[in-house]
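Only one structure is covered here, and it is reproduced in the block below.
2 protein chains.
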Amino acid sequence: MASLTLRELAARLDISVGTVSRALSGDPAIALKTRERVTEAARQYGYVPNMAARQLVSGRSGFVGFVIPVRGPNFIDSYLGEFLTGLGEGLVEHGMDLFIATVPAGRSELSVLRHVVESGRADGVVVPRIGEADERLAYLLERRFPFVAHGRMLDSSAAFNWLDADSVSAFGEIFDLLYELGHRHFGLVSISDPMTFRHLRERGLRDAIARRGDPTVILDVASAPRFDRGATVAAVNSLLHAQRRPTAMIGLFDELALTIMEEASRAGLSIPRDLSVVGFDNITAAAYAPPGLTTFEARTRDSAREIAGMLVTIIEKKPTTPITRLIAPKLVARASHGPVPETGR
Amino acid sequence: MASLTLRELAARLDISVGTVSRALSGDPAIALKTRERVTEAARQYGYVPNMAARQLVSGRSGFVGFVIPVRGPNFIDSYLGEFLTGLGEGLVEHGMDLFIATVPAGRSELSVLRHVVESGRADGVVVPRIGEADERLAYLLERRFPFVAHGRMLDSSAAFNWLDADSVSAFGEIFDLLYELGHRHFGLVSISDPMTFRHLRERGLRDAIARRGDPTVILDVASAPRFDRGATVAAVNSLLHAQRRPTAMIGLFDELALTIMEEASRAGLSIPRDLSVVGFDNITAAAYAPPGLTTFEARTRDSAREIAGMLVTIIEKKPTTPITRLIAPKLVARASHGPVPETGR
DNA sequence: GCTCAAATTTAAAACGTTTGCAATTGAGCT
DNA sequence: AGCTCAATTGCAAACGTTTTAAATTTGAGC
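Heads up: the protein sequence lines correspond to chains A and B, in order. Taking the working numbering, the leading residue of the first sequence gets 717, the next gets one more, and so forth. Taking the working numbering, the leading residue of the second sequence gets 717, the next gets one more, and so forth.
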């Protein structure tokens, strides 16, 4: 604002603007003595470069953009909170700032993303929650705009930069854990939305079942639209009140697992005595909801921090081959799972 | 990026740049016919103004800054999630964008705020969670930089723009509610940190007690540092295991109330039969933790949206007298409070 | 003391807008 | 036809940097 300009600083030092600019950027072509003198003066007078001017000539904004995905009533849920935290942490390490855009009521997420990209206010963007046919990715790829996705496509041939939790193995691990505890009848509460993580997690579970090769294993699946509370409750109850009830139920993510626990309690079932429940994500509420939800730590925050690093590399180095990374989730064993019930089977 | 420039657009229209600029901004000095022609061409060629250039000359960035306050392990908690959501919503209505800065490990929150302000990357900032002697406010006031605080100072003479929840009356309401249910012995779990909301809430409670004028009312207070889980548990238990235990306990905010409920259960107390518990904020976990925490909806999201509007007004109109606003919290009556226990008193 | 290259610094253009002021146009009047 | 005045439009400066190319200074070698 009222801050010193480069010209003024140069005047006080009786040196040309160009030299001052170079000195501050540490250009070795400038004599060391001059560089030190300039740096010192800049510090002393509290010179702060005007980002707009710098951006105008460099073409880089120093911002990474993030469009908050449209969703239910609460925009920033547990996942996004973690994610943004990590992203901020990661970016600040690289001297980048975070530009957050929300989607106004009438407009589409894509149009906002377009605004972010085309206004030149961001040098790259991070795209969370990948859908099966994601128009955001299509747009960014076509436009060759730097981005990193959190999540991947099902078709691994799609060439772009992504980082994802290895939910395939995590869901395999859940199955193995419960199988070892004697469970043979599983219920999965899933979503009907076209998100890729849904397929990956289901695949992880199914692959593990197939690997085990035990024909007595049963898997029932019930799905509901993502943020439709009523339908979700109905889906959960369709499994809970089936003729033969699963002994272990898995939520595609914690919110679903919590709903399972609620409905089970309502139905008079005791967890984990009558029913084992496992989730995925380890959201805050998972620790509070009795008896404590067994789940997987998706390490969202670490993931986001790493994504920040990846994106900065991509912006600066413009690598030709995509960078991809898998993060291994970690089991958080709480009290909602246990051995298969002896009775009633 | 590869987007059309104003000069190019002007060339195609065979009109001067200045005219095009004015036409696009809707300047009535430009003939209507020309304006329409330009607008149409801009739309057709997909012209997007370069924000950096615009910012350089106008001196305005179109960004509102927000420095994520330093805190415990999880930066973006429930409060901040709600707040950022509302802020984004509010800003987008005014065509402004949100610039989020995180505080790197070694640096102070103030230094980051200074960076945001002095780099000219934001036209105004929003400051959450006001402390008793808040150096951020002191800095912004001295610098005369536009800002709105979420929260106020105790000394109401401090002249700046703020919006706050009317926690004084809310805590009075809590007291009245519990008093009517027969409670006379209250326990308040508070924090020892120098945040102004702590004093305001305690004051609300004390004022209500004084107003009632019943000398049999007892209020015990225990405090712990904000994010010190161990000390918090100890503070809670100091009240729970006192010679005479309060029949109603109030958490300064929901996290504390949830801890009260946890520790009470651990001590074998049934809620609300043996103990009533009330919180404040209505965080997500409040609904999940059994038997459902009675609390106040602080309307953080609405508040943030309104703050966005206030800030835009301040940036554009530069009013001379401060804008202040109180938001009335709303009771969310769940199952954690009830009549005073008949026995044991 | 001179030459020439290396080291250092300077001048000026460029980035893409906005905006004050001057210039042009054309209609209405005399 | 000439003049005035308002309505339009054009010109050019300015915003604060970075960076290219040119100019200047320095200093080593003879």
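Glycine residues also receive a C-beta, built at the ideal position from the N, C-alpha and C atoms.
Does DSSP classify residue 888 of chain B as helix, strand or coil?
-> helix
In chain order, which beta strand (DSSP E) runs of at least 3 residues are fully inside the region 750-826 of chain B?
-> 779-783, 813-817
Could you tell me whether the Cβ atoms of residue 975 of chain A and residue 952 of chain A are closer together than 7 angstroms?
-> With contacts defined by Cβ atoms closer than 7 angstroms, residue 975 of chain A and residue 952 of chain A form a contacting pair.
Apply the 10 Å Cβ neighbour rule to residue 934 of chain B and answer buried if 16 or more other Cβ atoms are within range, or exposed otherwise.
-> exposed
Quick one: is residue 1004 of chain A near chain B, going by C-beta distance under 7 angstroms?
-> Chain B contact via Cβ: present.
Taking the runs of the beta strand (DSSP E) that are 3 residues or longer, which of them lie wholly in the region 973-1016 of chain A?
-> Here the runs fully enclosed are 992-994, 1011-1013.
Report the rounded CA-to-CA distance for residue 987 of chain B versus residue 903 of chain B, giving the unit in angstroms.
-> Cα-Cα distance, rounded: 15 angstroms.
Sequence ranges, beta strand (DSSP E) only - wholly within the region 861-944 of chain B, length at least 3 = Look at the region 861-944 of chain B and you find these whole runs of beta strand (DSSP E), each 3 residues long or longer: 863-866, 878-881, 901-907, 934-940.
Tell me whether residue 717 of chain A sits in a helix, a strand or coil according to DSSP, three-state version.
-> Unreliable positioning characterises residue 717 of chain A in this predicted model, as indicated by a pLDDT of 42, which lies under 50. A coordinate reading is not provided.
Compile a chain-ordered list of the residues in the region 759-773 of chain B whose CB is closer than 7 angstroms to at least one CB of chain A.
-> 764, 766, 767, 768, 769, 771, 772
For residue 1034 of chain B, does the three-state DSSP call read helix, strand or coil?
-> coil
Neighbour flag for residue 808 of chain B against chain A, beta carbons, 7 angstroms | yes
Are the C-beta atoms of residue 725 of chain B and some chain A residue less than 7 angstroms apart?
-> no
In terms of DSSP beta bridges, what is residue 1040 of chain B paired with?
-> B/878
Contacts of residue 972 of chain A in chain B (Cβ-Cβ under 7 angstroms) = Those within 7 angstroms of residue 972 of chain A in chain B number zero; the least Cβ separation is about 13 angstroms.
So who's on the other strand from residue 844 of chain B, going by DSSP bridges?
-> For residue 844 of chain B, DSSP records a beta bridge to B/866.
Residue 818 of chain A versus chain B: which residues are under 7 angstroms apart at the beta carbon?
-> Residues of chain B with a Cβ closer than 7 angstroms to the Cβ of residue 818 of chain A are, in chain order, 804, 805, 808.
Under the rule that 16 or more other beta-carbon atoms within 10 Å means buried, what is residue 1011 of chain B, buried or exposed?
-> So residue 1011 of chain B counts as buried.
What does a CB cutoff of less than 6 angstroms around residue 938 of chain B pick up in its chain, not counting 5 residues either side in sequence?
-> 905, 951, 954, 955
State yes or no: is the C-beta of residue 948 of chain B nearer than 6 angstroms to some heavy atom of the ligand NAP?
-> This structure does not include the ligand NAP; it has no bound ligands of any sort.
Within 7 angstroms, strictly: CB atoms of residue 1008 of chain A and residue 1050 of chain A = yes
Chain A contacts made by the region 938-953 of chain B, where a contact means CB separation under 9 angstroms | none
Who are the Cβ neighbours of residue 982 of chain B in its own chain at under 8 angstroms, not counting the five residues just before and after it?
-> Spatial neighbours of residue 982 of chain B in its own chain (CB-CB distance under 8 angstroms, excluding positions within 5 residues in sequence) are not present.
Please name the residue or residues paired with residue 966 of chain A in a DSSP beta bridge.
-> A/904, A/994
Presumed contact (8 angstroms Cβ cut-off) between residue 887 of chain A and residue 853 of chain A, rounded CB distance = Their Cβ separation, rounded to whole angstroms, is 24 angstroms, which puts residue 887 of chain A and residue 853 of chain A out of contact at 8 angstroms.
For the region 998-1022 of chain B, enumerate the residues whose C-beta is nearer than 7 angstroms to any C-beta of chain A, in chain order.
-> 1000, 1001, 1004, 1005, 1006
If you check the beta carbons only, do residue 1016 of chain B and residue 798 of chain B fall under 7 angstroms apart?
-> yes
Check residue 1048 of chain A in the structure and name its three-state DSSP category.
-> strand
May I ask you to report which of helix, strand or coil DSSP gives residue 954 of chain B?
-> helix
Using the C-alpha atoms, what's the distance from residue 968 of chain B back to residue 1061 of chain B?
-> The predicted position of residue 1061 of chain B is uncertain, since its pLDDT is 43 and thus under 50; a value taken from the coordinates is nonetheless stated next. Rounded to whole angstroms, residue 1061 of chain B and residue 968 of chain B show a C-alpha spacing of 25 angstroms.
Give, in chain order, every residue of the region 815-841 of chain A whose Cβ lies closer than 7 angstroms to some Cβ of chain B.
-> 815, 816, 817, 818, 820, 834, 835, 836, 837
Looking at the C-beta of residue 800 of chain B, does it have a partner C-beta in chain A at a distance below 7 angstroms?
-> Interface residue, yes.
By the 10 Å Cβ neighbour count, where 16 or more other Cβ atoms means buried, how is residue 717 of chain A classified, buried or exposed?
-> Model confidence at residue 717 of chain A stands at a pLDDT of 42, short of 50, so the residue's coordinates are unreliable and nothing is read from them.
Start and end residues, alpha helix (DSSP H) containing residue 724 of chain B = 722-729
Out of A/1014, A/1023, A/996, A/760, point me to the one whose CA is closest to residue 782 of chain A's CA.
-> A/1023
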